[in-house]
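**Student:** Right, I'll just put the structure down here and ask away after.
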Amino acid sequence: MVVAGVVVLVAGSGAVVGAGVEVLDVAGLGDAVVVDGFKPEGVVAVDPPPHAANTRAAATTTAANVLCTRVQDPSRPVIRTLGAGGLFPVMRRDHHAGQSLQSGANHATNLLTMQYDPAALERKWQDRWEAEGLYRSRVDWDKPKHYALTMLPYPSGDLHIGHWYAMTPSDARARYMRMKGFNVLFPMGFDAFGLPAENAAVQRNIHPATWTYENIDKMRAQMRSMGTMFDWEREVVSCEPRYYRWSQWFFNRLFEGELAYRGEALVNWSPTLQTVLANEQVIDGKDERTGQPVVQRMMEQWFFAMTRYADELLDFESLDWPEPIRTMQANWIGRSEGAEVTFHTESGDEIRVFTTRPDTLWGATFMVLAPEHPLVDALTTAEQSEAVAAYQAQAAAQTEIERMETERDKTGVFTGGYAVNPVNQERIPVWIADYVLLTYGSGAIMAVPAHDERDFEFARRFDLPVVPVIQPEGQDPLREPGMQASYVGPGVIINSGPIDGVVTNLEKGRQNPSVAAAIDWLEDKGMGRESVNYRLRDWLISRQRYWGTPIPMVHRSDGAVEPVPDSDLPVLLPEDVEFAPSGRSPLTHHEGFLHTVDSEGEGATRETDTMDTFMCSSWYQLRYLSPGFEAAPFDPEEAAYWLPVDVYTGGAEHAVMHLLYTRFFTKAMRDLGLFDDTAAAMRSHGRDPEGLFDEPMLMYRSQGQILGEERAGDRVVADGEWDGERLMAMSVRVDPVAAAGSGEVVGEIVRRTENVLRVDTGTDIVTVEVRADATVDIPSIAGINDVNQLRQHLEIQRMSKSRGNVVDPDELVARYGADTVRTYLMFAYEWQKGGPWDSRGILGASRFIGDVWKLATAEYEATDPAAERSAELRRLVHQAIQKVDRDLGAFKWNTAVAALMSLRNEMLDVLRSGSVQPDVWREALDSLLLLLAPIAPFVTEELWRMAGNEASIHLQPFPEADPEIAREESVTMVIQVNGKVRDRLEVGADIDEATATALALASDRVQGFLDGGEPKKVIVRPPKLVNIVV
RNA sequence: GCCGGGAUGGCGGAACGGUAGACGCGACGGACUCAAAAUCCGUUGUCCGAAAGGGCGUGCGGGUUCGAAUCCCGCUCCCGGUACCA
């Protein structure tokens, strides 16, 4: 058990076992030594064998904690430690003066070790930070503010690794901004209304509120363990009356401003259950729980008039948002320019249509109405009425999603009615078809089969006439019969009377000459007008659900609707509700809730719809400012200081809906005057409010997703002939269960480049070239297969319980500590991109944190200080400051951590060699801790205070780099010949062109290439490179 | 289909148009150990070579440039969004 030359301290018993060398005089060792997480359980060995520089000795034991020491100078031993986590670094003795440990005759007692025990240390700092109020954020007009916001979670029950991935870098950046001198607000809350709570209620007979609050408690505790700097005094929970009261208040303001209105919309209606279902509850046209059929039905519901802001929402000028997100929003809004044209039926009814191609009006050969269009009944003739009714019923039975499925054959029915094309008085038939949507444009189209793919398909299916009106440039004239497809390219207008001969191109709206000409002509004749349509619909906020914010409206007995006065808000969501198995909202049959009186004291009924939860999240950033404020949704004094949000982070999956809704909401609030008090408060503090209420979040950055770890490529069997190193395959077959030996090469594809596969056979990685005439057989992909369909690394999937690939952050924290988990998540991925989880990779972060602990707790001895090495370390420190500063500012967490790891590598080397002056070491250590503090808040705080600092590390200013110190004195100059690196020279950083050229030309290697001749050209970029062209 | 993003070692990923592969994981060799783990030292794109050195290399094919992972053109595949939007 004991190795000669080693002093072994057996903890617990107090016994000291010496083995032949210097025995420590350690009094009271044992329990007394248990301090701050140091719990020696087995054997602690210290090793200064005399004259054994650079040798190692070790003690062994069956216990978990074994110390292996390495000594460079017997008088200044340094300990390397190991154990279960490999993290048993050395503790400097001075922090434990008076801890009953006495030194014997040598330095060895300085080697009292202290274990890095993240669990204890993190718990300690969570409590102390809370007690010290470290993360309270208060208005302070003397400091610049920074409002950092990360999306609030839905309280689903458990914080998963995705939450960590989203939140820890946001937290790190908020901490960084604070150290940079900003007064930072970084709040957190819960988006607590929603369907899952209601499902839990029905399935598990637990009240949605109970379920929700239990989840919130759990998640709040988990978030504490993350070490986030959330100011919990500002927490917001959207299902609390003190929150949703103001959602209702906003609803009233929007109603007053005529931005909230009642309209008709299709809902998923279950005739058997007599209830409305959410889209998520409908699968294959049936209720997912009961299997009962679901139909589409029109119902009166509440809308916000978001389309009025469509054009303003398309303006991203003032926003620092990722381009893809802006594009997605722009596509979602889907502005299209064209004309509205009025047709008339033969009986004189108007049919308005919207078209982006009024220039093809002369080619309109029929019209199509949505099956639900109000004019259908009037148009339908007696002979067709049966067919029309049947088609309408069939369309109603489909969900919107099914209806919009692509690749479906066109269906439709002739109404028997006709309309007149206003431009040429042609009598054209009117059909109904479900490819026309009631909710877009006017729910009716003119069909121009010659120049619209869908109309062409429909015309061919039902034998309707096709009249070309565009003549493609430089091609044969389009002829009907015989057209195989619609023509949508450029050309010249024909067969179109007044606009014949006008050029048409692929531009949109008036940019297209033919469209401009047609609009002018239509407006002149009074047949139509220029018009803009949006794909964006008004925001339907009604939900026929219980667990949401009640819409504060009452239905009077005379049929009118009026708002609940502000003074009566909130309209409380009743708690004593029963959940019918049908899923029908309990509000619809809750007598106490339903019955009320209107403003005149007459009996009235409450609105039973609740609000879409996107309503809650459209203004939550305002409630954080003053979550308990009673007089208004937010305190103008707080808002005047903190607004707008400076940095918003969250998943790209919310890039469209949530971010568009909250933008709309802010703009509507601005126009309703709801920021007027805030603007006044700003002015009184000398802040110009101009333009500050146009957008809620100035900067937005999205993070990617962490996927499951599982991965595998196609397992293939390849046969063919060996051509040297590679197999020239004549046949490749995918077979997940192929046994080794069942073909020439059997294994998993690890890489594919064009037709070359790298196949992992289990023993080897071999190259297989799939010949052009080879047969490829992939049973899971129908049809003729080709080499491009062979996959590698495709089984990386989203984490899900059913796949069993969920990574539990609590487990990781228990094993490695929160600092390690944070560091790893910030290090391992390109944040915007995300990627698959790698359970081994986290060891790198764990070692890094352990090394930092070791560096900070080891006693540095400048055994061999050298001015040059000292300057070099300082340079590296200041370079690291520059890099981390830049990278944390730019959301490039992975390279920031990499820079710190590099510094760690350097410092480990210095610690070993003792080659820098003590003050340089101290500066390096302090810088390392300060730079790491935003990323790993717990361990850096512990080490910072252990070093004798009174104030929290998180209150320190971020280190500032001195460019002079960071500047390299000498650099490697690359010498290229014809762009290829041929030599490298160490030169001074201030080398001039002439010297650089001379040095380069003098190089033996270069001379070899010059072969006595003169270079054609020399490109000099001192001090980095010289390129010689010969 | 349309819109957006991407493709770099065995893996995650670095690289203002100027040394490709920083940093980490893994792997391999060594030290320590009865052994394993942990820790420490070293190697690690690939091919040729004993070495010095050289060839080839950023999905594929072209182009611009003294010089391209990076810019341009044309493809292939992957990921995300969206989908009968008139």
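Just so it is clear: in the first sequence, position 595 is 594 by numbering that gives the first Met the number 0, and no numbers are missing. Cβ coordinates follow ideal geometry from the N, Cα and C atoms, glycine included.
1. So Gly719 and Met727 are in contact, right, with Cβ under 8 Å, and what is the actual spacing, rounded?
2. Classify Thr971: buried if its beta carbon has 16 or more other beta carbons within 10 angstroms, exposed otherwise.
3. Expressed to the nearest angstrom, what Euclidean distance is found between the alpha-carbon atoms of Leu586 and Arg203?
4. If we count the other Cβ atoms within 10 Å of its Cβ and call it buried at 16 or more, is Val980 buried or exposed?
5. Are there 16 or more other CB atoms within 10 angstroms of the CB of Val468, so buried, or fewer, so exposed?
6. Quick one: residues in its chain with C-beta nearer than 6 Å to the C-beta of Tyr260, no 5 flanking neighbours on either side, listed in chain order?
7. Mapping the DSSP letters down to three states, classify Ile205 as helix, strand or coil.
8. Nearest CA to the CA of Ser155: which residue from Arg252, Tyr175, Thr209?
9. For Tyr153, which residues in the same chain have their Cβ closer than 7 Å to its Cβ, ignoring the five residues on either side in sequence?
10. Would you call the CB atoms of Pro464 and Phe455 closer than 8 Å?
11. State the Cα-Cα distance for the pair Leu793 and Glu747, rounded to the nearest angstrom.
12. Here's the rule I'm using: 16 or more other beta-carbon atoms within 10 Å means buried, otherwise exposed. How should Glu121 be labelled?
13. Within 10 angstroms of the Cβ of Ile1018, are there 16 or more other Cβ atoms? Answer buried if so, exposed if not.
14. What are the boundary residues of the alpha helix (DSSP H) that includes Asp818?
15. What residues match up with Phe303 in a beta bridge as DSSP calls it?
16. Using only the alpha-carbon positions, how far apart do Asp170 and Asp884 sit?
17. If you follow the beta strand (DSSP E) that Val491 is part of, which residue opens it and which one closes it?
18. Consult DSSP for Glu636 and reduce its assignment to one of helix, strand or coil.
19. Report yes if the CB atom of Ala857 is closer than 8 Å to the CB atom of Leu910, and no otherwise.
20. Are the segment 543 to 554 and the segment 371 to 382 touching, with three or more C-beta to C-beta distances below 8 Å?
21. Give me the Cα-Cα distance between Gly85 and Asn893, rounded to the nearest whole angstrom.
22. Is it buried or exposed, Ser838, if we count other Cβ atoms within 10 angstroms and call 16 or more buried?
23. Report the three-state DSSP secondary structure of Trp245 (helix, strand or coil).
24. Return helix, strand or coil for Arg839, following the three-state DSSP convention.
25. In the structure shown, what three-state DSSP assignment does Glu768 receive?
26. Got a sec, what are the start and stop residues for the beta strand (DSSP E) Thr661 sits in?
27. Taking the beta carbon of Phe37 as the centre, do at least 16 other beta carbons fall within 10 Å, making it buried, or is it exposed?
28. Taking the straight line between their C-alpha atoms, what separation do you get for Asp314 and Asn423?
29. When DSSP builds the beta bridges, which residues end up paired with Ala147?
30. Run through DSSP, which three-state label would His588 get?
31. Determine whether the beta carbon atoms of Gly362 and Val466 lie at a separation below 8 Å.
32. Buried or exposed, going by whether 16 or more other CB atoms sit within 10 Å of the CB of His1054?
33. Taking buried to mean at least 16 other C-beta atoms within 10 Å of its own C-beta, is Val293 buried or exposed?
34. Looking at Ile444 and Met366, is the spacing between their C-beta atoms short of 8 Å?
35. Under 6 Å Cβ to Cβ from Pro635, same chain only, skipping five residues before and after it: list those, please.
36. With which residues is Trp268 paired in a DSSP beta bridge?
**Tutor:** Once the coordinates are examined:
1. 5 Å between Cβ atoms; contact.
2. Around the Cβ of Thr971, a 10 Å sphere holds fewer than 16 other Cβ atoms; the residue is exposed.
3. Rounded to whole angstroms, Leu586 to Arg203 spans 20 Å at the Cα level.
4. Under this definition Val980 is an exposed residue.
5. Within a 10 Å sphere around the beta-carbon of Val468 sit 16 or more other beta-carbons, which makes this residue buried.
6. Closer than 6 Å at Cβ, skipping near neighbours: Phe302.
7. In this structure, Ile205 counts as coil in the three-state DSSP scheme.
8. With distances taken between Cα atoms, Ser155 lies closest to Thr209.
9. Within the same chain, Tyr153 has close Cβ partners Asp190, Gly193.
10. Between Pro464 and Phe455, the gap from beta carbon to beta carbon reaches 8 Å or more.
11. Here the model assigns Leu793 a pLDDT of 49, short of 50, so the residue's position is not dependable and the matter cannot be decided.
12. Looking at its Cβ environment, which holds 16 or more other Cβ atoms inside 10 Å, Glu121 is buried.
13. Exposed, since its Cβ has fewer than 16 Cβ neighbours within 10 Å.
14. Residues 817 to 826.
15. Looking at the DSSP output, Phe303 bridges to Ala259, Trp538.
16. Linking Asp170 to Asp884 through their CA atoms gives a straight-line distance of about 15 Å.
17. For Val491, the enclosing beta strand (DSSP E) begins and ends at 490 to 492.
18. Helix, per DSSP.
19. Yes, these two residues count as a Cβ contact at 8 Å.
20. With the cut-off at 8 Å, the segment 543 to 554 and the segment 371 to 382 do not touch.
21. Low local confidence applies: a pLDDT of 27 at Gly85 is under 50, so the model's placement there is unreliable, and no value is given.
22. The residue in question, Ser838, is exposed, as its Cβ has fewer than 16 Cβ neighbours within 10 Å.
23. Residue state, collapsed to three classes: helix.
24. When secondary structure is reduced to three states using DSSP, Arg839 falls in the coil class, being assigned neither helix nor strand.
25. The three-state secondary structure of Glu768, taken from DSSP, is strand.
26. Here Thr661 belongs to no beta strand (DSSP E); instead the alpha helix (DSSP H) covers 656 to 670.
27. With a pLDDT of only 32 at Phe37, under the threshold of 50, the placement of this residue in the model should not be trusted; the figure read from the coordinates follows. Buried, because 16 or more other Cβ atoms sit within 10 Å of the Cβ of Phe37.
28. A direct Cα-to-Cα measurement between Asp314 and Asn423 gives close to 40 Å.
29. DSSP lists Val646 as partners of Ala147.
30. His588 falls in the helix class under three-state DSSP.
31. Between Gly362 and Val466, the CB-CB gap stays under 8 Å.
32. Because the chain is modelled from 0 through 1029, residue 1054 falls outside the range shown and cannot be assessed.
33. When all chains shown are included, Val293 counts as buried.
34. Yes, they are a contact pair.
35. Listed in chain order, the non-local C-beta contacts of Pro635 below 6 Å within the same chain comprise Asp676, Thr677, Ala680, local neighbours out to five positions each way being set aside.
36. Per the DSSP secondary-structure output, Trp268 pairs in a beta bridge with Val275, Val294.
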